[in-house]
Amino acid sequence: MMILCDVNPMTILWSTIVLLVLALVFGVVLAFCGKKLAVKEDERIGQVRSKLSGANCGGCGYAGCDAFAKAVVEGKADVNLCNATSAENKKVIGQIMGVSVDAQPTRIVVACNGGNNAVDKYEYMGYGNCKSMELLAGGRKQCSWGCLGMGSCTDACPTHAIEVGMDGYAVVDDEKCIKCGKCITACPKFLTKRIPADAKVYVACSNCLRGGKDVRAICKVGCLGCGLCAKNCPQGAIEMVDNLPHIDYSKCIGCGLCADKCPAKCIKKLD
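Residue numbers (our numbering): 210 to 480.
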């Protein structure tokens, strides 16, 4: 048996009003507490973030540009860790942070031009990656320092700026390169190098042998360690270290004489 009870409309009205008032009060209290207890973000984080390249490449070691900007403001990271950001913007970031930033623009080159001219010691049939090949007797090349040509650097590059060409060694497209440096850490032979952006020449070989017989037995275009580049440099900007020329770019005037004198043509001129 159902019992019907009369409900006073005023009761419903007042109940609704009370609930609305309580909701309004709680809303105001929550908004007030949220504003007072909120953790304020340093406004410099957004300012620094706006001057970063925005590549989110991870080359700095952080998850992305947001995390890196926060680390810079908190003093946990040096802005120069971001090689994808221009020198001009780095200086602006330095002004935001109130510090002096010595940002020198760089470019990346591959210190090998062996490739198909370097002798193979075996035919590799495994997974196509330099790091995996390196585990098998140091790679397929008889030259212990040579490019393996299997594209670990290519896989790591976020802008497809480095690739293994028809000659069998990796080449960097400077127009596409954002200088993040991920290819540097990806190469098991450590052949990708960072040099000043205004450099006119670089050494495209990492072989440390000396003498035509030993070098030519493993690579047709390897550095002979003859030292003619160092002897002919008018500025004394080249020093032979472990039978390999090392260029002091602070002294180099970009005359290109070293490249002209190199009998192996492993010192390359840059545009």
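Ideal Cβ placement from N, Cα and C applies to all residues, glycine included.
Rounded straight-line distance, which links the Cα of residue 316 to that of residue 364
Along the sequence shown, one-based indexing puts residue 364 at 155. Along the sequence shown, one-based indexing puts residue 316 at 107. When rounded, the distance between both Cα atoms is 19 Å.
Where residue 309 falls, given that 16 or more other Cβ within 10 Å makes a residue buried:
Residue mapping note: residue 309 aligns to position 100 of the sequence shown, counting from 1. The residue in question, residue 309, is exposed, as its Cβ has fewer than 16 Cβ neighbours within 10 Å.
Sequence-distant residues of its chain with Cβ nearer than 7 Å to residue 400 (five each side left out)
Here residue 400 corresponds to residue number 191 of the sequence shown, with the count starting at 1. Excluding residues within five positions, the ones whose Cβ falls inside 7 Å are 319, 320, 321, 356, 415.
For residue 402: DSSP bridge partner residues
By one-based count along the sequence shown, residue 402 stands at place 193. Answer is 318, bridged to residue 402.
Reduced DSSP secondary structure (H/G/I, E/B, other) of residue 218
Position 9 of the sequence shown holds residue 218. DSSP places residue 218 within a helical segment (H, G or I) once states are collapsed to three.
Minimum C-alpha distance to residue 471 - residue among 233, 454, 459:
In the sequence shown, residue 471 corresponds to position 262, counting from 1. With distances taken between Cα atoms, residue 471 lies closest to 454.
Among 464, 460, 422, 335, the one whose alpha carbon lies nearest that of residue 473:
Along the sequence shown, one-based indexing puts residue 473 at 264. Selection 464, 460, 422, 335 evaluated against residue 473 yields 422 as nearest (Cα-Cα).
Going by CA-CA distance only, name the one from 325, 366, 480 that's closest to residue 407.
Locating residue 407 in the sequence shown gives position 198, where the first residue counts as 1. Checked all of 325, 366, 480; the closest Cα to residue 407 is 480.
Using only the alpha-carbon positions, how far apart do residue 361 and residue 439 sit?
If you number the sequence shown from 1, residue 361 lands on position 152. If you number the sequence shown from 1, residue 439 lands on position 230. Taking the CA atoms as reference points, residue 361 sits about 33 Å from residue 439.
Who are residue 428's beta bridge partners in DSSP?
What you label residue 428 is simply residue 219 of the sequence shown in a count that begins at 1. DSSP lists 327 as partners of residue 428.
Evaluate residue 349 with the Cβ neighbour count: other Cβ atoms within 10 Å of its Cβ, from every protein chain shown; 16 or more gives buried, anything less gives exposed.
Counted from its first residue, the sequence shown places residue 349 at position 140. Counting every other CB atom within 10 Å of its CB across the protein chains shown gives residue 349 a total of 16 or more, marking it as buried.
Is residue 397 buried or exposed, if buried means 16 or more other CB atoms sit within 10 Å of its CB?
Locating residue 397 in the sequence shown gives position 188, where the first residue counts as 1. Buried.
Determine the DSSP secondary structure at residue 359, reduced to helix, strand or coil.
Position 150 of the sequence shown, counted from the start, is the residue given in the question as residue 359. When DSSP states are grouped into helix, strand and coil, residue 359 belongs to the coil group.
Let me know the secondary structure DSSP gives residue 440 once reduced to three states.
Reading the sequence shown from its first residue, position 231 is the one you call residue 440. Secondary structure at residue 440: helix, using DSSP grouped into helix, strand and coil.
With DSSP as the reference, identify every bridge partner of residue 455, one or two as the case may be.
One-based indexing of the sequence shown puts residue 455 at position 246. Residue 455 pairs with 448.
From the DSSP output, read off the bridge partner residues of residue 373.
Residue 373 sits at position 164 when you count from the first residue of the sequence shown. Looking at the DSSP assignment, residue 373 forms a beta bridge with 379.
Taking C-beta to C-beta, are residue 292 and residue 390 nearer than 8 Å?
As a position in the sequence shown, residue 292 is number 83, starting the count at 1. As a position in the sequence shown, residue 390 is number 181, starting the count at 1. The Cβ-Cβ distance between residue 292 and residue 390 falls below 8 Å.
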